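Student: Would you mind keeping the following structure in view while I ask a few things?
Right, dumping it as structure tokens:
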């Protein structure tokens, strides 16, 4: 087994929240499912999102210069699949569920666990991916969060009954 | 509520795996608990770790130039607390559980869900934090992964009975 394959298998064992990353602006409206999102600093409020540069939407995110991280809940498994499905056009994807806007104009998922509406402040290219450093402009959260986690190549619901 | 406080509250709703990040080398042996870890690219296998630059161990990680990400299992809640406890010295922390070494010399947790032994390839400073870009040199995984997730300011076990 190559180190690359070993890496992908081992990374499947690092649980992560599932988000839909969206943008809108001069380059158009796009969205994709992502699990590589993390908090960087709260001075100023900044998060990062990793995105494959081979993704058709990559340049559109860069051109718009904005994105919203919509953190999915345990009710959003179907939506996660919709935004991961390369055969669906942008309009078809956003036909699912309800969307609003906050500050940047990027689509904000009404039923998300949390939404971080951002300006893309910097972009760092590493191998096949870009790391977008995003300054948070506006935030929306849900009152009763129940999260969706991708772990061991399956979805897991958290915040329900069974906890550690 | 300031945007900074709002950001911290909303980030609590982005579930994340819990890891202990370790190093060893000329600057000494150190470890801390982290949740801001994510996969970047598999070409070459690369992950990133965010670390507060005010942490006493920050410069030691940079000087050693190596780190190991030890992904914790649902049995590691106590260990997570040990490596997050600023009043414990390094020797006291590593007195818990069993540790080995792989390629870099950084401590590798025998009972971890997955271990990524890395060279720190690059460091990007953003606000109060550093983002370490780490090239993976060696990997160890567990056969029956049960993960530990930090969500809504509590631990959650995943990979057990109840799943979405």
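Residue numbers (this note's numbering), protein chains in the order written: chain C, 318 to 481; chain G, 318 to 481. Cβ atoms here follow ideal geometry from the backbone N, Cα and C, with glycine treated the same way. Values in this document were obtained by computation on a predicted structure and should not be read as measured data.
Taking 8 angstroms as the CB-CB limit, is residue 338 of chain G close to chain C?
Tutor: Along the second chain, one-based indexing puts residue 338 of chain G at 21. Taking Cβ atoms only, chain C never reaches closer than 8 angstroms to residue 338 of chain G, which makes this a no.
Student: Let me see if you follow: with CB-CB separation under 8 angstroms, is residue 417 of chain C close to chain G or not?
Tutor: Indexing the first chain from 1 puts residue 417 of chain C at position 100. By this cut-off, residue 417 of chain C is not an interface position.
Student: At the level of alpha carbons, what is the spacing between residue 458 of chain G and residue 471 of chain C?
Tutor: As a first step, residue 458 of chain G must be located in the second chain, where it is residue number 141. As a first step, residue 471 of chain C must be located in the first chain, where it is residue number 154. Going by the C-alpha atoms only, they are around 17 angstroms apart.
Student: How would you call residue 356 of chain G, buried or exposed, if buried means at least 16 neighbouring beta carbons within 10 angstroms?
Tutor: Taking the first residue of the second chain as 1, we reach residue 356 of chain G at position 39. Residue 356 of chain G comes out buried.
Student: Who are residue 369 of chain G's beta bridge partners in DSSP?
Tutor: Numbered from 1 along the second chain, position 52 holds the residue referred to as residue 369 of chain G. According to DSSP, residue 369 of chain G bridges with G/446.
Student: Below 7 angstroms CB to CB, which residues in the same chain sit around residue 374 of chain G once its five sequence neighbours on both sides are set aside?
Tutor: Residue mapping note: residue 374 of chain G aligns to position 57 of the second chain, counting from 1. Excluding residues within five positions, the ones whose Cβ falls inside 7 angstroms are 347, 349.
Student: Kindly list the residues whose CB is nearer than 7 angstroms to the CB of residue 329 of chain C, restricted to its own chain and excluding five residues on each side of it in sequence; keep chain order.
Tutor: Within the first chain, numbered from 1, the residue matching residue 329 of chain C stands at position 12. Taken in chain order, the residues that qualify are 469, 470.
Student: Below 8 angstroms on the Cβ atoms is my guess for residue 423 of chain C versus residue 341 of chain C; work out the distance and round it to an integer in Å.
Tutor: Here residue 423 of chain C corresponds to residue number 106 of the first chain, with the count starting at 1. Here residue 341 of chain C corresponds to residue number 24 of the first chain, with the count starting at 1. Between residue 341 of chain C and residue 423 of chain C the Cβ distance is about 5 angstroms, and since that is below 8 angstroms, they are a contact.
Student: Please give the ranges of any beta strand (DSSP E) in the stretch 366-435 of chain C, keeping only runs that are unbroken, at least 3 residues long and fully inside the region.
Tutor: Within the stretch 366-435 of chain C, the complete beta strand (DSSP E) runs of at least 3 residues are 383-388, 416-418, 424-426.
Student: May I ask you to list the residues that DSSP assigns as paired with residue 285 of chain C?
Tutor: A question about residue 285 of chain C goes unanswered here, because the residues of chain C that appear run from 318 up to 481.
Student: Closer than 8 angstroms is the cut-off here; do at least three beta carbon pairs connect the stretch 319-335 of chain G with the stretch 385-398 of chain G?
Tutor: Touching, per the Cβ criterion.
Student: Below 7 angstroms on C-beta distance, what does residue 441 of chain C contact in chain G?
Tutor: Working through the first chain from its first residue, we reach residue 441 of chain C at position 124. The contacting residues are 441.
Student: Can you find a C-beta in chain C that's less than 8 angstroms from the C-beta of residue 437 of chain G?
Tutor: For the purposes of this step, residue 437 of chain G is taken as residue 120 along the second chain, with counting starting at 1. No, because no Cβ of chain C sits closer than 8 angstroms to the Cβ of residue 437 of chain G.
Student: Please name the residues in the stretch 348-370 of chain C whose beta-carbon is closer than 9 angstroms to at least one beta-carbon of chain G, in chain order.
Tutor: Within the stretch 348-370 of chain C, the residues whose Cβ lies closer than 9 angstroms to some Cβ of chain G are 352, 353, 354, 355, 356, 357, 358, 359, 360, 361, 362, 363, 364, 365, 367, 369, listed in chain order.
Student: So is residue 433 of chain C in contact with chain G if we call contact Cβ pairs under 8 angstroms?
Tutor: Start at 1 with the first residue of the first chain, and residue 433 of chain C comes out as number 116. Answer yes: the Cβ-Cβ gap between residue 433 of chain C and chain G drops below 8 angstroms somewhere.
Student: With respect to 7 angstroms, is the separation between the Cβ of residue 375 of chain G and the closest non-hydrogen atom of the ligand ADP below this value?
Tutor: Judged by which ligands are present, the structure shown has none, so any question about the ligand ADP falls away.
Student: Within 8 angstroms of any Cβ in chain G, is that where the Cβ of residue 480 of chain C sits?
Tutor: Translated into the one-based positions of the first chain, residue 480 of chain C becomes position 163. Any reading at residue 480 of chain C is ruled out, since the residue's pLDDT is 44, under 50, leaving its predicted position unreliable.
Student: Give, in chain order, every residue of the stretch 454-475 of chain C whose Cβ lies closer than 7 angstroms to some Cβ of chain G.
Tutor: Cβ contacts with chain G come from 456, 458, 462, 464, 465, 466, 468, 469, 471, 472, 473, 474, 475.
Student: For residue 327 of chain C, which of helix, strand or coil comes out of DSSP?
Tutor: As a position in the first chain, residue 327 of chain C is number 10, starting the count at 1. Looking at residue 327 of chain C - three-state DSSP - the assignment turns out to be helix.
Student: Is the distance from the Cβ of residue 414 of chain C to the Cβ of residue 405 of chain C below 8 angstroms?
Tutor: Position 97 of the first chain, counted from the start, is the residue given in the question as residue 414 of chain C. Position 88 of the first chain, counted from the start, is the residue given in the question as residue 405 of chain C. Result no, Cβ atoms of residue 414 of chain C and residue 405 of chain C do not sit closer than 8 angstroms.
Student: So the candidates are C/448, C/446, C/345; which of them puts its Cα closest to the Cα of residue 377 of chain C?
Tutor: Locating residue 377 of chain C in the first chain gives position 60, where the first residue counts as 1. Among C/448, C/446, C/345, the Cα nearest to that of residue 377 of chain C is on C/345.
Student: Is the separation between the beta-carbon of residue 455 of chain C and that of residue 419 of chain C shorter than 8 angstroms?
Tutor: Here residue 455 of chain C refers to the residue found at position 138 when the first chain is read from its first residue. Here residue 419 of chain C refers to the residue found at position 102 when the first chain is read from its first residue. In contact: residue 455 of chain C and residue 419 of chain C (Cβ atoms closer than 8 angstroms).
Student: Just checking my contact of residue 365 of chain G with residue 450 of chain G at CB under 8 angstroms: how many whole Å lie between their CB atoms?
Tutor: Here residue 365 of chain G is taken as the residue at index 48 of the second chain, counted from 1. Here residue 450 of chain G is taken as the residue at index 133 of the second chain, counted from 1. Right, their Cβ atoms sit about 5 angstroms apart.
Student: Using a beta-carbon distance below 8 angstroms, is residue 448 of chain G in contact with chain C?
Tutor: For this step, residue 448 of chain G is matched to residue 131 along the second chain. Answer yes: the Cβ-Cβ gap between residue 448 of chain G and chain C drops below 8 angstroms somewhere.
Student: Which residues in chain C have a C-beta closer than 7 angstroms to the C-beta of residue 327 of chain G? List them in chain order.
Tutor: One-based indexing of the second chain puts residue 327 of chain G at position 10. Per Cβ cutoff of 7 angstroms: 431, 433, 456, 458.
Student: If the criterion is Cβ atoms closer than 8 angstroms, does the pair residue 363 of chain G and residue 452 of chain G meet it?
Tutor: Position 46 of the second chain, counting from 1, holds the residue named residue 363 of chain G. Position 135 of the second chain, counting from 1, holds the residue named residue 452 of chain G. Yes. Within cutoff.
Student: Count the other CB atoms, across all protein chains shown, that sit within 10 Å of the CB of residue 381 of chain C; report buried if there are 16 or more and exposed otherwise.
Tutor: Along the first chain, read from residue 1 onward, the residue named residue 381 of chain C stands at position 64. Its Cβ being crowded by 16 or more others within 10 Å, residue 381 of chain C is buried.
Student: Need the endpoints of the beta strand (DSSP E) that residue 470 of chain G sits in, please.
Tutor: Looking up residue 470 of chain G in the second chain gives position 153. Run containing residue 470 of chain G: none; DSSP gives neither H nor E here.
Student: Span of the beta strand (DSSP E) holding residue 356 of chain C?
Tutor: Within the first chain, numbered from 1, the residue matching residue 356 of chain C stands at position 39. Taken as a continuous stretch (DSSP letters only), the beta strand (DSSP E) holding residue 356 of chain C covers 354-359.
Student: Going straight from the alpha carbon of residue 399 of chain C to that of residue 410 of chain G, what length do you get?
Tutor: Against the first chain, residue 399 of chain C aligns to sequence position 82. Against the second chain, residue 410 of chain G aligns to sequence position 93. Computed Cα separation, rounded: 44 angstroms.
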